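*Asks:* Sharing a structure, written as structure tokens. Questions coming.
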Amino acid sequence: GHLASGNGGKFQHPKLLPKAHPTTTSLPIAEIGVGTTGFGIFFILFGMLLYFDSVLLAFGNLLFLTGLSLIIGLRKTFSFFFQRHKLKGTSFFLGGVVIVLLRWPLLGMFLETYGFFNLF
Numbered sequence: 001g002h003l004a005s006g007n008g009g010k011f012q013h014p015k016l017l018p019k020a021h022p023t024t025t026s027l028p029i030a031e032i033g034v035g036t037t038g039f040g041i042f043f044i045l046f047g048m049l050l051y052f053d054s055v056l057l058a059f060g061n062l063l064f065l066t067g068l069s070l071i072i073g074l075r076k077t078f079s080f081f082f083q084r085h086k087l088k089g090t091s092f093f094l095g096g097v098v099i100v101l102l103r104w105p106l107l108g109m110f111l112e113t114y115g116f117f118n119l120f
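The opening position of the sequence shown corresponds to residue 1 in UniProt numbering, with each subsequent residue numbered one higher.
Below is the structure:
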């Protein structure tokens, strides 16, 4: 038998032990992803409010993409962005992210917005 914690050292049958839900480990990661995505959107909007501050926009982009991959998973994120019919939107969106990271915030955000609308 198995020793169950908290029952005074009595042996307990394995089928009587409480089962962990399969989503127990992924739920906190998804919640962290929601927070990370929210902070990413906040930094993007705040960076736009401060006349396209490149550091805030770049940080917001990285947080947004990280949060998205934490919410839906890395494999689903890649399969979403790299579908054949979404490659145009993906290239504009990710190209805009790279251009923002290279400190051309106005052009990068324009390309990101165009790519975002093509993705959805």
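A virtual CB, placed ideally from N, CA and C, is assigned to each residue, including glycine.
Every value quoted in this text rests on a predicted model; they were computed, and no experiment measured them.
Taking the runs of the alpha helix (DSSP H) that are 4 residues or longer, which of them lie wholly in the stretch 47-93?
*Replies:* Listed in chain order, the complete alpha helix (DSSP H) runs (minimum 4 residues) inside the stretch 47-93 are 54-72 and 74-81.
*Asks:* Sorted by chain position, which residues of the same chain lie with C-beta nearer than 7 angstroms to G47's C-beta, five sequence neighbours on each side aside?
*Replies:* Once the five neighbours on either side are set aside, the close Cβ partners of G47 are D53, L56, L57 and G60.
*Asks:* Alpha carbon to alpha carbon, how far is G38 from F92?
*Replies:* Roughly 22 angstroms between the two C-alpha positions.
*Asks:* In terms of residue numbering, what span does the alpha helix (DSSP H) encompassing F120 cover?
*Replies:* That residue, F120, is in no alpha helix (DSSP H); it is neither H nor E in DSSP.
*Asks:* So which of G33, L63, E31 and I29 has the shortest CA-CA distance to L45?
*Replies:* Considering only alpha carbons, the answer is L63.
*Asks:* Below 7 angstroms between beta carbons: does that hold for G115 and G89?
*Replies:* Their beta carbons are under 7 angstroms apart, which means G115 touches G89 by this criterion.
*Asks:* Which same chain residues, not among the five before or five after G33, have their C-beta less than 6 angstroms away from its C-beta?
*Replies:* G67, L70 and I71.
*Asks:* How long is the line joining the alpha carbons of G95 and G108, rounded to whole angstroms?
*Replies:* C-alpha separation (whole angstroms): 7 angstroms.
*Asks:* Below 8 angstroms CB to CB, which residues in the same chain sit around V100 once its five sequence neighbours on both sides are set aside?
*Replies:* Excluding sequence neighbours, V100 sits near S54, L57, A58, N61, G108, M109 and E112.
*Asks:* For L106, collect the residues of the same chain with a Cβ closer than 6 angstroms to its Cβ; drop the 5 residues on either side in sequence, then sort them by chain order.
*Replies:* Once the five neighbours on either side are set aside, the close Cβ partners of L106 are F52.
*Asks:* Which residues in the same chain have their Cβ closer than 8 angstroms to the Cβ of K86, if we skip the five residues on either side of it in sequence?
*Replies:* Within the same chain, K86 has close Cβ partners F80, N118 and L119.
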